[in-house]
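Visitor: Quick note, our numbering runs 474 ahead of the 1-based positions in the sequence shown. One structure follows; several queries about it will come next.
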Amino acid sequence: MDYEKILEAKNYIYSKITSEPSVAIILGSGLSGLANEIESPITIPYKDIPYFPVSTVKGHSGNLIFGQINNTNVLCMQGRFHYYEGYSMQDVTFPERVFALMGIKKLIVTNAAGGINKNFSCGDIMLITDHINFMPNPLIGKNEERFGERFPSMNEAYCKNLRSLCLQCAERLNINLQQGIYVAGTGPSFETPAEYMMYRLLGASAVGMSTVPEVIVAVHSQMKVLGLSVISNVFNEDIDAEQTHTEVLENVNSATEKMVMLVKEVIRQM
Numbered sequence: 475m476d477y478e479k480i481l482e483a484k485n486y487i488y489s490k491i492t493s494e495p496s497v498a499i500i501l502g503s504g505l506s507g508l509a510n511e512i513e514s515p516i517t518i519p520y521k522d523i524p525y526f527p528v529s530t531v532k533g534h535s536g537n538l539i540f541g542q543i544n545n546t547n548v549l550c551m552q553g554r555f556h557y558y559e560g561y562s563m564q565d566v567t568f569p570e571r572v573f574a575l576m577g578i579k580k581l582i583v584t585n586a587a588g589g590i591n592k593n594f595s596c597g598d599i600m601l602i603t604d605h606i607n608f609m610p611n612p613l614i615g616k617n618e619e620r621f622g623e624r625f626p627s628m629n630e631a632y633c634k635n636l637r638s639l640c641l642q643c644a645e646r647l648n649i650n651l652q653q654g655i656y657v658a659g660t661g662p663s664f665e666t667p668a669e670y671m672m673y674r675l676l677g678a679s680a681v682g683m684s685t686v687p688e689v690i691v692a693v694h695s696q697m698k699v700l701g702l703s704v705i706s707n708v709f710n711e712d713i714d715a716e717q718t719h720t721e722v723l724e725n726v727n728s729a730t731e732k733m734v735m736l737v738k739e740v741i742r743q744m
């Protein structure tokens with residue numbers, strides 16, 4: 475990683491915002507509606523931020539938005555970057571490095587994921603308790619000690635306290651919050667039935683093509699992480715059904731209102 479590039483991006487963002495953010499939020503496919511809840515928003519297109527990649531996937535708007543949610547200063551990514559877009563893992567996780575340098579200590583990461591657990595339904599929200607990684611590790615390469623140690627522990631990648639808080643908020647809002655392990659693959663092809671079956675045997679509840687690299691870098695940088703997946707489809711080996719990205723977005727849109735309510739309440743209680 476190039477520390478000077480990260481510093482330059484951080485300084486540019488600070489030149490555009492009015493105060494320090496304390497929480498960063500990453501919005502996955504179809505979840506950009508949460509950005510509409512930000513008060514006094516300041517929008518910074520990714521293309522204007524030095525060395526920031528640009529989103530190329532439908533459903534990812536490509537803006538960094540600063541503002542307030544329930545009187546808390548937040549920095550919200552309207553769209554993320556994926557390894558399958560051709561970016562390096564250092565590019566994919568560049569924003570998290572910038573957030574860490576800005577002093578942000580809490581990260582809320584959301585995504586759309588395919589359901590593996592047979593008890594899940596389309597539109598469910600899953601609290602990520604842990605992950606299984608089938609992607610290249612973003613920490614490969616020279617370690618930057620100013621961010622974190624060479625061999626960071628991933629024993630609590632998803633903060634127990636934030637998970638407990640999220641469960642309490644979901645109960646208060648009468649939202650049925652599922653829990654499970656997220657498995658990450660590179661994509662962009664969707665999983666085969668055999669892969670879904672393998673992931674189920676490994677104990678995973680949902681599968682996607684993002685999130686884990688971001689979480690690894692955030693944990694390396696001493697950030698506390700809360701992860702949430704919207705279940706966009708559920709694999710059933712007894713049903714022969716094709717999956718498309720358009721259908722994923724449609725199913726995620728149906729859960730956007732619940733996700734917005736939950737994230738806002740979590741931030742209010744932080």
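C-beta: ideal position from N, C-alpha, C; glycine also.
Who are the near neighbours of K738 in its chain, counting only those whose CB is closer than 7 Å to its CB and skipping five residues on each side?
Guide: Taking the sequence shown and counting its residues from 1, one reaches residue 738 at position 264. For K738, where only same-chain residues beyond five positions count, the Cβ hits under 7 Å are E511, I543, N544.
Visitor: Which one of M735, N650, T685 has the shortest CA to CA distance from K604?
Guide: Your numbering for residue 604 matches position 130 in the sequence shown. For the record, residue 604 in the displayed sequence is Asp; it is not Lys. Answer by Cα proximity: T685.
Visitor: Does DSSP put N707 in a helix, a strand or coil?
Guide: Residue 707 sits at position 233 when you count from the first residue of the sequence shown. The answer is strand: DSSP assigns N707 an E or B state.
Visitor: May I ask which residues mark the beginning and end of the alpha helix (DSSP H) holding Q743?
Guide: Reading the sequence shown from its first residue, position 269 is the one you call residue 743. It spans 730 to 743 - the alpha helix (DSSP H) in which Q743 sits, taken as one unbroken run.
Visitor: Looking at the C-beta of M609, does it have a partner C-beta in chain D at a distance below 8 Å?
Guide: Considering every chain present, this structure includes no chain D. It has just one protein chain.
Visitor: In whole angstroms, what separates the C-alpha of A688 from that of M671?
Guide: Against the sequence shown, residue 688 aligns to sequence position 214. Against the sequence shown, residue 671 aligns to sequence position 197. A small fix is needed here, since residue 688 is Glu in this sequence, not Ala. Each residue's Cα considered, the two are about 26 Å apart.
Visitor: Rounded to the nearest angstrom, how far is the Cβ of E494 from that of N547, given a contact under 8 Å?
Guide: As a working mapping, residue 494 is identified with position 20 in the sequence shown. As a working mapping, residue 547 is identified with position 73 in the sequence shown. About 6 Å; that satisfies the 8 Å criterion.
Visitor: To which residues of the same chain is I655 closer than 7 Å at the C-beta, ignoring the five residues directly before and after it?
Guide: Counting from 1 along the sequence shown, the entry for residue 655 is found at position 181. Same-chain partners within the cutoff: T603, D604, H605, I606, G677, A678, S679.
Visitor: Leaving out five residues before and five after G502 in sequence, what residues of the same chain have Cβ atoms less than 6 Å from its Cβ?
Guide: As a first step, residue 502 must be located in the sequence shown, where it is residue number 28. T584, N585, A586.
Visitor: Can you confirm whether the stretch 590 to 599 touches the stretch 561 to 570 when touching is taken to mean that 3 or more C-beta pairs between the two stretches lie within less than 8 Å?
Guide: No, they do not touch.
Visitor: Let me confirm a value: I614 is counted as buried when at least 16 other C-beta atoms fall within 10 Å, else exposed. Which label applies?
Guide: Within the sequence shown, numbered from 1, the residue matching residue 614 stands at position 140. With fewer than 16 Cβ atoms within 10 Å of its Cβ, I614 is classed as exposed.
Visitor: Roughly how far, in whole angstroms, is the beta-carbon of F621 from the beta-carbon of H694, given that I think they are within contact range, below 8 Å?
Guide: On the sequence shown, residue 621 is found 147 positions in, with the first residue counted as 1. On the sequence shown, residue 694 is found 220 positions in, with the first residue counted as 1. Contact flag correct, Cβ pair sits at about 6 Å.
Visitor: Is it right to say F526 is buried, meaning 16 or more other beta carbons lie within 10 angstroms of its own, or is it exposed?
Guide: Within the sequence shown, numbered from 1, the residue matching residue 526 stands at position 52. Per the 10 Å Cβ criterion, buried.
Visitor: Taking C-alpha atoms, which residue in S529, I518, K592 lies nearest to N710?
Guide: As a working note, residue 710 is residue 236 in the sequence shown. Cα-wise, what sits closest to N710 is K592.
Visitor: With DSSP as the reference, label Q696 as helix, strand or coil.
Guide: For the purposes of this step, residue 696 is taken as the residue at position 222 of the sequence shown. Looking at Q696 - three-state DSSP - the assignment turns out to be coil, as it is neither helix nor strand.
Visitor: Among Q564, Y520, F555, V699, which one has its Cα closest to the Cα of M744?
Guide: For this step, residue 744 is matched to residue 270 along the sequence shown. When only C-alpha atoms are compared, the closest one is V699.
Visitor: Where does A668 land, buried or exposed, given buried means 16+ other C-beta within 10 angstroms?
Guide: Reading the sequence shown from its first residue, position 194 is the one you call residue 668. Exposed is the call here.
Visitor: Opposite I500 in the DSSP bridges: which residues?
Guide: Position 26 of the sequence shown, counted from the first residue, corresponds to residue 500. Answer is M551, V583.
Visitor: What did DSSP end up calling E619 once you bin it into helix, strand or coil?
Guide: Residue 619 sits at position 145 when you count from the first residue of the sequence shown. Note: E619 maps to coil in three-state DSSP.
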